[in-house]
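Participant: Read in order, the letters of the sequence shown correspond to residues -26 to -1, 1 to 44 in mature numbering (1 follows the signal peptide of the UniProt record, and there is no 0).
Can you read through this structure? Questions will come right after.
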Amino acid sequence: MTTMMMKNPMALVACILLFSSLTVLASDNTFGPDKCCFKFYTQQLPKKGVVSFKFTDKLCSMEGVLALRT
């Protein structure tokens, strides 16, 4: 009887450890850059219309600058 009582909690702990490790692995792919550039404007922007700018994240495939214009 004691062997059967020990198997159920051990199986539960094993399942919890297995599923928790899977969720950690799956969540690694969800963290990434918020904004990346896929189309680029290669000509110089006039300074007059640019209100602010921000560099893209280092994790993006290509570096770029996001410009907010009026």
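The C-beta atom is built at its ideal place from N, Cα and C for all residues, glycine as well.
Do three or more CB pairs link the region 7 to 14 to the region 31 to 38 at distances below 8 Å?
Facilitator: Taking 8 Å as the limit for Cβ pairs, the verdict is that the region 31 to 38 does touch the region 7 to 14.
Participant: Return helix, strand or coil for Ser35, following the three-state DSSP convention.
Facilitator: Here Ser35 sits in coil by DSSP.
Participant: Between Leu40 and the rest of its own chain, which residues show a CB-CB distance below 8 Å, the 5 nearest in sequence each way excluded?
Facilitator: Lys9, Cys11, Phe27, Lys28, Phe29, Thr30.
Participant: Identify which residue in Val25, Glu37, Ser(-7) has its Cα closest to the Cα of Tyr15.
Facilitator: With distances taken between Cα atoms, Tyr15 lies closest to Glu37.
Participant: Rounding to the nearest angstrom, what Cα-Cα distance links Pro20 and Leu(-9) in this structure?
Facilitator: When rounded, the distance between both Cα atoms is 56 Å.
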